[in-house]
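Residues 6 to 439, numbered by the working numbering, are exactly what the sequence shown covers, in order.
Don't be surprised by glycine CBs; every beta carbon is placed ideally from N, CA and C.
Since this is a predicted model, take the numbers as computed values, not measurements.
Just below is one structure, and these are the notes that go with it.
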Amino acid sequence: MSTTRKLTRNFGALSVIQAANFLIPFLALPLIVRVIGTEKFGALNFLVALATYFVLLINYGFDFTATRLIARDRDNQELVDKIFSQVFVVKSVLFGISVIIFSLLLFCVPKLQKDILVTILCFAACFANVFMPNWLFQGMEQLQHAAIFNLVTKLLFSVAMVLLIQQPADYWLYALFTTASQVLAGVLLFFYAMRRFKIRLRAVAFAEVKQVLWTDKAVFISTLLINLYTTSNIVLLGFLQPEKEVGIFTAAVRIIGVVQTLTLMPLSQTLFPHVGRAFAEDTSSGLTEVKKIFPIVNVLAFCISLGLIITAPLAIGILFGAEFKAAVPLLQLLAINPLLTSISNLLGTQVMLNMKKDQSFLWITGVGSVSCIMLNLLLTPTWSYYGTALAWIGTELIIVLLMAVILRRSGVSFIDRRYYSWQYLWQKVKQFKR
């Protein structure tokens, strides 16, 4: 099988998995948002975004570190038992710390007290991450099993949402069912993993907990920084503007998110090991492969961005209804982000990480996170969700420019005009069709 065809098949398989787990709750959304309205929708998304910080703390980068350890020695049952037990105990400790921090925030921040039940329900979803063993299935290369569990629970609870949410006051049921689906999937997967891989939980000493936290701190910090500038937009908008403004912004963000999840994310996951193998041969081979891929990904991302601009009125109208029409120009403004994200992914994930420029990548991400917060504080109070959108776009631009400058200063060239010819691009399109 040719490399292009193999990449196409892997890309297609990952797209199907992403689509199933993302689209089911997304397809229920049009019915739900028309009932609860922009204000309640905004309140829910603000609380979910805030809870994401705790999810990042509890996961602590184990999706990378623990997955790597399992993948290296998956046949060593004693090691698998040890890693599984350590991750579970460390996550439990971090969840306990999260409960303490959340309780203090709930006591001190009036905005979180507006509807305490919904606030607690949104936070409670973090409990699912204590049990969720996606990292183990990924390390064992059996991620499809985790996908099936998530698919079934999301389907069941999405149906329940559509049937039971009948008025705006029922919006707490959205938080309840979303949390319940995640917790149920996490707990079921936890015990299924123990049975499937014959895992026995063992006692974990406090010294081991400290050692794991110390060893994995660098990955945790980098993961936190990467997610900080994407999550903080909604959180800062929620603190600086009314919930209705958050609802309008998150409607546009949801559509951007589903498009990137179904196209650019699986493409990135497919390309990374392929490009990594090329870099493993030598740097020159890796860069040559990136130069070939760069125009294809950019053309795809440009078409996605252009498509979002053209179809924005239709997409918002169908998915969210007339109450969200203010999200149309916002979505058209944010449509440039898939293009910027695809470029930063190629320069950062595909080139910098494969060239072992981890420190530069981490520094750029840190600058991006700080820029995101500063731009939001500067623009959002005056221009509301338009300010938040500009802050997000500005952050992505800063990241892309910094990556390009650092790579150029290192003597790295990632653009070759030969691969931007129509003949080359058309040849690649025909290969993908086969």
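- When DSSP states are grouped into helix, strand and coil, residue 176 belongs to the helix group.
- Nearest in C-alpha terms to residue 312, of all of 342, 31, 231 and 173, is 342.
- Nearest to residue 131 by C-alpha distance, out of 373, 251 and 191, is 191.
- For residue 317, the enclosing alpha helix (DSSP H) stretches over residues 288-324.
- The three-state reading of DSSP puts residue 382 in helix, counting H, G and I together.
- With at least 16 other beta carbons inside 10 angstroms of its own, residue 259 counts as buried.
- For secondary structure counted as the alpha helix (DSSP H) over 4 or more consecutive residues, the stretch 96-140 holds these complete runs in sequence order: 121-129 and 132-136.
- The criterion of a C-beta distance shorter than 9 Å is not satisfied by residue 355 and residue 309.
- By the Cβ rule, the stretch 26-44 does not count as touching the stretch 215-233, because fewer than three pairs are nearer than 8 Å.
- When the beta-carbon positions are compared, residue 92 and residue 71 come within less than 9 Å of each other.
- Scanning 303, 315 and 386 for the CA closest to the CA of residue 351 turns up 303.
- No Cβ-Cβ contact shorter than 9 Å links residue 256 with residue 187.
- Look at residue 35 here: in three-state DSSP terms it is helix.
- Assigned with DSSP and collapsed to three states, residue 369 falls in helix.
- Going by DSSP, residue 166 is part of the alpha helix (DSSP H) stretching over 148-169.
- Per the coordinates, the alpha-carbon of residue 153 lies some 22 Å from the alpha-carbon of residue 269.
- Between residue 207 and the set 50, 164, 55 and 89, the nearest pair of CA atoms involves 89.
- Collapsing the DSSP output to three states places residue 357 in a helix.
- Annotation for residue 215: the continuous alpha helix (DSSP H) segment containing it runs 211-220.
- The three-state reading of DSSP puts residue 75 in helix, counting H, G and I together.
- Across the set 37, 357, 390 and 59, the C-alpha of 37 shows the shortest separation from the C-alpha of residue 165.
- Of the residues assessed, residue 362 falls on the buried side of the cut-off, its CB having 16 or more other CB atoms within 10 angstroms.
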